[in-house]
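If you read the sequence shown in this note's numbering, its first letter stands for residue 54, the second for the next number, and so on. No residue lacks a Cβ here, since even glycine has one placed at the ideal position from N, Cα and C. Quick caveat: nothing in here was measured; it's all calculated off a predicted structure.
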Amino acid sequence: MRSPWLPTLTVALILTACGKGQEQKPTGPPATLITSHQVQTMAMDVVEQTTGSLESLVDPKISAEVSGKVLRMEAVPGRAVRQGQILAVLDPADATLAQRADAAEVRRLEALSRQQEKLAERQQQLVAKGFISHNAGEDVRAQRDALKEQLAAAQARLEATTRNLGKTRITAPADGVVDTQIASVGDYLRPGDPLCTLVANGKLRAHLPFPESAISRIKRGTPVRLTSPQVPGRVYESKISEIRPGISTGARTMEALVELDSDGSLHGGGSIDARVVIESKAAALAVPEQSVVLRPAGRVVYVIQDGKARQQVVRIGARQAGMIEITEGLKGGEQVVQEGAGFLTDGAPVALKAAHGQPAP
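Rendered as structure tokens:
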């Protein structure tokens, strides 16, 4: 015979089981898996970084200094040249004739000057013996002195024509690369007519724009490290040589100038990246960059307290090697959220992530 209490007992057991299941269900939002970092001090440099441009300090336009027809042209665009190397040769015929004429005039005046010197000596002897008057001797000496002046002028003209003859061979004033060729073989050039342009890459100047807030911290002599996409991986060391007094009205920047020797590896007109250390701090409070997130209150970090993430507004400073300086808001020693900070709100429950991505025991 079936017991009348069996249905009642079954219902009671079912209700009891349901009650236990409800008691085990967690309340509130689930904990967010995070990693943490203890706030500590570290040595940190306060750095200003910028991108500027390069200017060649020696960028001459080569021009003719004497008249003549171009007989030979060695200034080919793209050709590297050394200081003193011939770029072009002009017809030296006119300069040679002028040099010969001046040389002949010098020789003529030298002969006359020697003759007049001997005559002056004889006249002086005759004056001493009383054979001629003193005034006659003075006239001869005056003629001798006049010839000396004429000879000096002729020698100066000879030096000038000799120099002009040398200028028919146009040479590079510095090491560099020919940029553009303007004149060609057969062209007749006059003094000042352009021949070619040369880019000398040995001495360069970097123009570096910095924000106006850095004016008081960047000075002449401040060390600077320079890198360029022209030579990836290479670092050039130099110092701030000049700071221009004006501030750009558009970008609100000031311009610092840095001179550097590139040994030909850098070229004017290219870009240059600069890193200037304006202050070194021996003990700066720092957290990982991913610990600092933006919220309506500003930049915040999440401090771990009693299993919850507590929002803390902070002010930041320098950045270095994935770390960011905290200038206000933390005292040091706090545990802050590193990975997962971007998913948190103030008071959210958190759980430390183990190596395999599950909550740590």
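CA-to-CA, the gap between I87 and A371 works out to about 25 Å. Between S116 and the set I325, V345, Q203, A225, the nearest pair of CA atoms involves A225. For S269, there is no enclosing beta strand (DSSP E), as DSSP marks it with neither H nor E.
By the criterion of a C-beta distance shorter than 8 Å, G393 is surrounded in its chain by T85, L86, I87, T88, V403, K406, once the five residues flanking it on both sides are discounted.
Along the length of the region 332-403, whole alpha helix (DSSP H) runs at least 4 residues long do not occur. Ranked by Cα distance from V111, the first of A96, Q136, R125 is Q136.
D314 carries a strand assignment under DSSP once its states are collapsed to helix, strand and coil.
The criterion of a C-beta distance shorter than 8 Å is satisfied by V367 and E381. Leaving aside the five residues that flank R125 on each side, the residues in its chain whose CB is nearer than 6 Å to its CB run, in chain order, V142. Judged by DSSP in its simplified three-state form, R287 adopts coil rather than helix or strand. Note: Q169 is not bridge-paired with any residue in the DSSP secondary-structure output. In this structure V100 is not in contact with V311, their Cβ atoms being roughly 16 Å apart against a cut-off of 8 Å.
Beta-carbon to beta-carbon, L204 and S166 are separated by about 5 Å, close enough to satisfy the 8 Å threshold. A direct Cα-to-Cα measurement between G105 and E308 gives close to 9 Å.
Apart from sequence neighbours up to five positions away, the residues of its chain that approach S109 with a beta-carbon distance below 7 Å are V252, A253, N254, L257, G321, ordered along the chain. Taking a cut-off of 8 Å on C-beta distances, the region 292-306 touches the region 259-275, as three or more cross pairs fall below it.
DSSP places V231 in the strand class (E or B) of the three-state scheme.
For the set R210, S294, R270, the Cα lying nearest the Cα of L150 is the one of R210. Beta-bridge analysis with DSSP links R125 to V142. Beta bridge pairing from DSSP links K201 with no other residue.
Beta-bridge partners assigned by DSSP to S324: S106. By a beta-carbon distance limit of 8 Å, G395 does not contact R363. Their separation comes to about 16 Å. If the five residues before and after A173 are omitted, its C-beta is found closer than 6 Å to the C-beta atoms of V193, R194, R197, all from its own chain and listed in chain order.
Under the three-state reduction of DSSP, Q91 is assigned to strand. Annotated three-state conformation of D98 is strand, per DSSP. For S120, the closest of A337, P130, G239 by C-alpha to C-alpha distance is G239. In the structure shown, R278 falls within a strand segment according to DSSP collapsed to helix, strand and coil.
When only Cα atoms are considered, A96 and A339 end up about 9 Å apart. Nearest in C-alpha terms to V346, of all of T398, A207, A206, is T398.
Boundaries of the beta strand (DSSP E) harbouring R222: 222-224, taken from the DSSP string. Between L140 and E158, the C-beta spacing is not below 8 Å. Q365 and I268 have their C-alpha atoms roughly 32 Å apart. In the structure shown, T302 adopts coil according to DSSP, grouped into three states.
For A337 and P282, the gap between their C-alpha atoms comes out near 32 Å. Around P130, the same chain offers V231, D232, T233, Q234 as residues with beta carbons nearer than 7 Å, after the five sequence neighbours per side are excluded.
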